Ligand SMILES: N[C@@H](CCC(=O)N[C@@H](CS)C(=O)NCC(=O)O)C(=O)O
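Residue numbers (the numbering used here): 448 to 665.
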């Protein structure tokens with residue numbers, strides 16, 4: 448089983464963390480020639496990371512990869528047991544993907560003030576706040592994102608929020624909901640001190656720092 452991509456990508460990091468919850472050590476590696484090479488595009492024509500390659504199957508899309516791992520290693524962590532709890536965990540991951548992730552990507556693509564699309568940034572400012580509001584609504588009141596155990600919901604949110612807290616929040620002066628008194632603030636305090644996720648945040652932060660140094664050179 449090979450996971451293509453760089454850990455600095457929150458989508459790749461989500462898969463790495465989800466695998467970790469299942470006791471699988473999945474180390475991502477960049478494909479030779481990069482994600483726009485003909486060889487990689489033949490596996491994943493979207494030219495994005497991650498892609499999981501396993502038994503002749505090349506699977507893109509981080510959430511689909513996590514669900515594949517769940518099917519192969521069912522009941523070994525990462526998703527709660529009851530259908531309602533599983534749905535809630537999946538919902539939070541989906542809200543992250545649909546209502547927060549795209550705006551965060553817009554900010555990341557506009558880091559350089561000299562090349563900034565101000566209209567796109569202004570629109571992302573309002574859409575990301577709406578997305579934060581949706582997460583605040585659906586997050587569990589206690590413990591982790593979807594309840595008493597770490598789940599696919601934390602895997603979707605944790606890398607994204609680690610990256611946002613280190614990059615776009617300070618650089619664009621966004622209000623950081625994970626520093627506030629609400630459920631997102633409570634959630635962040637939990638994952639930032641949890642014995643599984645706290646070291647992961649540290650490892651992932653180092654990858655983000657390296658990514659930001661690379662972007663600064665552009
Ligand atoms: N929906 C995809 C998003 C993947 C994605 O956007 N990955 C970014 C890195 S964070 C990428 O590969 N971008 C390269 C590009 O768009 O050219 C997933 O969940 O895997």
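Positions of the beta carbon are idealized from the N, C-alpha and C atoms, including for glycine.
None of the values given here were measured: they were computed from a predicted structure.
query: According to DSSP, residues forming a beta bridge with residue 679; result: The displayed coordinates of the chain run from 448 to 665. Any statement about residue 679 would go beyond what the structure contains.
query: DSSP three-state assignment for residue 516, whether helix, strand or coil; result: helix
query: Alpha-carbon to alpha-carbon, residue 532 and residue 495; result: 30 Å
query: Simplified DSSP assignment, three categories, for residue 569; result: helix
query: Where residue 607 falls, given that 16 or more other Cβ within 10 Å makes a residue buried; result: buried
query: Residue 523 beta carbon near ligand 1 (any heavy atom closer than 7 Å); result: no
query: Neighbourhood of residue 623 by C-beta distance below 7 Å, restricted to the same chain and skipping five residues each side; result: 612 and 616
query: Three or more C-beta pairs below 8 Å linking the stretch 575-583 and the stretch 637-650; result: no
query: Contacts around residue 632, its chain only, beta-carbon distance under 8 Å, and the 5 residues preceding and following it disregarded; result: 624, 625 and 626
query: Residue 596 CB to nearest heavy atom of ligand 1 below 7 Å; result: no
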